[in-house]
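The structure appears right after this line, and notes come after that.
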Amino acid sequence: MGSTGDCCTSGKINEHFISSHYDLSTDSINLLEKEGYAIHGDDSEYRSLIEFVESKNLSTPANYEYVKERIDIDNFINYQLAQIYYYNGDWPGNNIKFWKKSSGGKWRWILYDTDFGYGLYGSSNYRHNTLAFATEPNGPTWPNPAWSTLLLRKLLANKEFKNAFVNRFADNLNTILKPDYVEDFLGKMELKYTYEMPSHFDRWSQNMSVWNSHINIMKNFGRNRPHYIQTQLMDRFSIESIKQVDLNISETGAGKIKVNSITPWQYPWTGEYFYEIPIELTAKPEPGYRFVRWEGSSTSTSATISMDMTSDVQLTAIFEVSEPDYRSVIIMRSVTPPAQTPVRVTGLRFITKEILPKTFLIGE
220 MGSTGDCCTS GKINEHFISS HYDLSTDSIN LLEKEGYAIH GDDSEYRSLI EFVESKNLST
280 PANYEYVKER IDIDNFINYQ LAQIYYYNGD WPGNNIKFWK KSSGGKWRWI LYDTDFGYGL
340 YGSSNYRHNT LAFATEPNGP TWPNPAWSTL LLRKLLANKE FKNAFVNRFA DNLNTILKPD
400 YVEDFLGKME LKYTYEMPSH FDRWSQNMSV WNSHINIMKN FGRNRPHYIQ TQLMDRFSIE
460 SIKQVDLNIS ETGAGKIKVN SITPWQYPWT GEYFYEIPIE LTAKPEPGYR FVRWEGSSTS
520 TSATISMDMT SDVQLTAIFE VSEPDYRSVI IMRSVTPPAQ TPVRVTGLRF ITKEILPKTF
580 LIGE
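Numbers 220 to 583, taken from the numbering used here, label the letters of the sequence shown in order.
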């Protein structure tokens, strides 16, 4: 409940929230907060993990593997990336909840309460070095004490994790964090609520100029934040420069190219990645096509390749029509069952969809 009387309705993040989202019994959930205090279930596994992290060098592959077996690394990277991008100033020493299944599973972090972010308390907060803030070893009791930055600090000592962390930032800066994408999204949200705002402000003695000012602060944050994120990543990891990646496909609709964690849907496509942080590319043919080879910076015939990013990259994925295997495929434009005899069809392919593992009786 806000001070103006606004009622903000959202799901409470507890064991029932997790149970409803993951179809788990509440008895099988360990939910922790802050330093590792149990809200529900048991905290002993996490405390053992933290003791290991504190005492071990995670640049050693075996030690990193131990941590990977216990933490959902993809989730942890995405969580840290979001908080750092937003510059959530009420974090990392606050508003932290994470969970795992009590038997098996890995620790996962839950993103919530990010309203300190995106320039709420400073119109030039897009400049803030939140990466340094989130890895500070000697922070104050609030907002970034040493315990709250421990995991990220220690994991970044590992080259595999560091490369994954930097590349995930690059993937997102090339897609959902691009200024044009962010501004378009904010514009849609603005349009969604703008007709309700006059009544809202009339009730609470405010005015539209305040709201418009905050919208502009958010748009300005979205426009400027990527440049500072790139610069801060380069400073933190001594990265020399940014390299350009230009991708294309040989025929429209023949396939796509996955880059690390993203798959652009429109070609030609251009992205920016970091010098000497290798990227992985995978050619993914659409049904009816097969991958043949790469052209440009690589001529490999392997669908998945790695580029070391010591220079700009230009690649075209060459696809060609594949011959269908008529021994296992029946193509039917129409079906007229003979009299009342049902026709049994196992597996249907609809345009680009995968074969469905079902049996259909046509005419029954």
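Think of the CB as a built atom: it goes at the ideal place given N, C-alpha and C, for glycine as much as any other residue. Note that this is a predicted model, so its numbers are computed, not measured.
Cα-Cα separation, residue i to residue j
i, j, result
"Ile-468", "Tyr-508", "12 Å"
"Val-478", "Ile-395", "14 Å"
"Ala-365", "Tyr-331", "21 Å"
"Leu-466", "Cys-227", "44 Å"
"Asn-386", "His-446", "15 Å"
"Ser-238", "Asn-348", "36 Å"
"Thr-245", "Ile-258", "12 Å"
"Glu-491", "Gln-449", "10 Å"
"Asp-403", "Asp-242", "34 Å"
"Gly-358", "Ala-351", "11 Å"
"Leu-575", "Thr-471", "At Leu-575 the pLDDT is 43, less than 50, meaning the model places this residue with poor confidence; the figure from the coordinates comes in the next sentence. About 26 Å."
"Ile-461", "Gly-312", "32 Å"
"Gly-260", "Ile-303", "29 Å"
"Ile-232", "Ile-248", "13 Å"
"Ala-353", "Ser-274", "20 Å"
"Gln-295", "Arg-327", "The residue you asked about is not Gln; residue 295 is Phe in the sequence shown. Distance between the alpha carbons of Phe-295 and Arg-327: 7 Å."
"Ser-343", "Phe-440", "7 Å"
"Ser-418", "His-433", "18 Å"
"Glu-288", "Ser-517", "34 Å"
"Lys-397", "Phe-456", "22 Å"
"Thr-578", "Val-540", "In this prediction, Thr-578 scores a pLDDT of 41, lower than 50, which makes its location untrustworthy; no coordinate-derived value is stated."
"Ser-519", "Asn-382", "23 Å"
"Glu-234", "Pro-487", "45 Å"
"Phe-236", "Gln-299", "21 Å"
"Ala-301", "Asp-454", "19 Å"
"Lys-316", "Ile-498", "31 Å"
"Ala-376", "Ile-269", "16 Å"
Burial state of residue i, where buried means 16 or more other Cβ atoms lie within 10 Å
i, result
"Gln-485", "exposed"
"Trp-361", "exposed"
"Pro-280", "exposed"
"Asn-431", "exposed"
"Ser-367", "buried"
"Lys-378", "exposed"
"Thr-523", "exposed"
"Phe-380", "buried"
"Met-528", "buried"
"Pro-356", "exposed"
"Asp-390", "buried"
"Trp-318", "buried"
"Asn-276", "exposed"
"Gly-408", "Looking at the sequence provided, one finds Met at residue 408 rather than Gly. With fewer than 16 other Cβ atoms within 10 Å, it is exposed."
"Gly-406", "exposed"
"Tyr-283", "buried"
"Tyr-345", "buried"
"Gly-230", "exposed"
"Arg-444", "buried"
Nearest to residue i (by Cα), restricted to the options the options
i, options, result
"Ile-290", "Glu-264, Ala-301, Lys-275, Trp-310", "Glu-264"
"Lys-325", "Pro-362, Gly-490, Tyr-285", "Tyr-285"
"Ser-530", "Val-464, Lys-378, Tyr-340, Arg-372", "Val-464"
"Asn-297", "Leu-452, His-240, Phe-388, Glu-234", "Phe-388"
"Glu-542", "Pro-506, Glu-288, Arg-327, Lys-275", "Pro-506"
"Leu-500", "Ser-525, Ser-342, Arg-266, Ser-322", "Ser-525"
"Pro-483", "Leu-392, Arg-327, Ala-353", "Leu-392"
"Ile-458", "Lys-438, Ile-481, Glu-495, Asn-435", "Glu-495"
"Lys-475", "Ile-498, Lys-503, Met-453", "Lys-503"
"Lys-253", "Thr-354, Ala-353, Asn-314, Val-540", "Asn-314"
"Ile-292", "Ile-498, Pro-417, Leu-370, Asn-435", "Leu-370"
"Val-401", "Ile-481, Asp-454, Asn-435, Arg-346", "Asn-435"
"Leu-452", "Val-272, Phe-384, Asn-282", "Phe-384"
"Asp-399", "Asn-382, Phe-420, Arg-442", "Arg-442"
"Gly-341", "Ile-329, Met-437, Trp-423, Ala-301", "Met-437"
"Lys-373", "Ser-480, Phe-271, Leu-339, Ser-267", "Phe-271"
Those residues which DSSP pairs with residue i across a bridge
i, result
"Ile-461", "Phe-493"
"Pro-311", "Looking at the DSSP assignment, Pro-311 forms no beta bridge with any residue, so it has no partner."
"Ala-536", "Ile-468, Trp-513"
"Val-478", "Ile-481, Leu-500"
"Phe-317", "Leu-251, Trp-328"
"His-259", "Leu-250"
"Ile-290", "Trp-326"
"Trp-488", "Leu-466"
"Met-526", "Ile-498"
"Tyr-508", "Val-540"
Residue-chain proximity (residue i, chain C), Cβ-Cβ < 9 Å
i, result
"Phe-352", "Looking for chain C here will not work: only one protein chain is present."
message: Is it the case that the region 533-541 contacts the region 507-522, given that we only count it when at least three CB pairs across the two stretches are under 8 Å?
response: With the cut-off at 8 Å, the region 507-522 and the region 533-541 touch.
task: Examine the Cβ distances between the region 400-417 and the region 427-437 and report whether three or more of them are shorter than 8 Å.
output: By the Cβ rule, the region 400-417 counts as touching the region 427-437, because three or more pairs are nearer than 8 Å.
- prompt: So, do the region 333-345 and the region 304-324 have three or more beta carbon pairs nearer to each other than 8 Å?
  reply: In the pairwise beta carbon analysis, the region 333-345 is classified as touching the region 304-324: at least three pairs are separated by under 8 Å.
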